[in-house]
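Visitor: I have a structure I would like to understand better, so I am pasting it below and will then ask my questions one at a time.
Numbering (the numbering used here), first residue to last: 1 to 142.
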């Protein structure tokens, strides 16, 4: 197994485990499985917990990817951050869509749905980070 793939699996597994744990705590103990009501919007608890967990896992995921997994990338840090932010935005949409599908249409328990969603999103995320967010530019391009 290539070292980069091993590092991605190790760092990603740790960050993903933290994400699922934070999701579980947010959903069950902070939100008490109840929706959040605003004057013009109601957010279901499984979606609110998703965003709550991301407030921690976004910065840790970026730092682990930048400094441990894809450290050979020669793109500027701010370019990496902007690209990582765009990737996370796409992953949020994927997470949202899969969670809606699994919980509300297929009636799968929210924590199990989060785990299934993670499997799909992690594969997409790895390929995108490797080929776009933290790619190594050829010296002629730099």
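C-beta atoms are modelled at their ideal positions from N, C-alpha and C, and glycine is treated no differently. Because the structure is a prediction, the values reported are computed rather than measured.
#1: Going by C-alpha distance, which of 90, 129 and 97 is nearest residue 69?
#2: Secondary structure at residue 124, three-state DSSP: helix, strand or coil?
#3: Is the beta carbon of residue 48 closer than 7 Å to that of residue 21?
#4: For the alpha helix (DSSP H) containing residue 78, list its first residue and its last residue.
#5: Helix or strand or just coil, what does DSSP make of residue 42?
#6: Taking the C-alpha atoms as reference points, what is the distance between residue 41 and residue 137?
#7: Using DSSP with H/G/I as helix, E/B as strand and the rest coil, what is residue 142?
#8: Reducing DSSP to helix, strand and coil, say where residue 108 ends up.
Guide: This is what the structure gives:
#1: 129
#2: helix
#3: no
#4: 77 to 99
#5: strand
#6: 44 Å
#7: Its pLDDT being 48, under 50, residue 142 is placed unreliably by the model, and the measurement read from it follows with that caveat. Reduced to three states, the DSSP call for residue 142 is coil.
#8: coil
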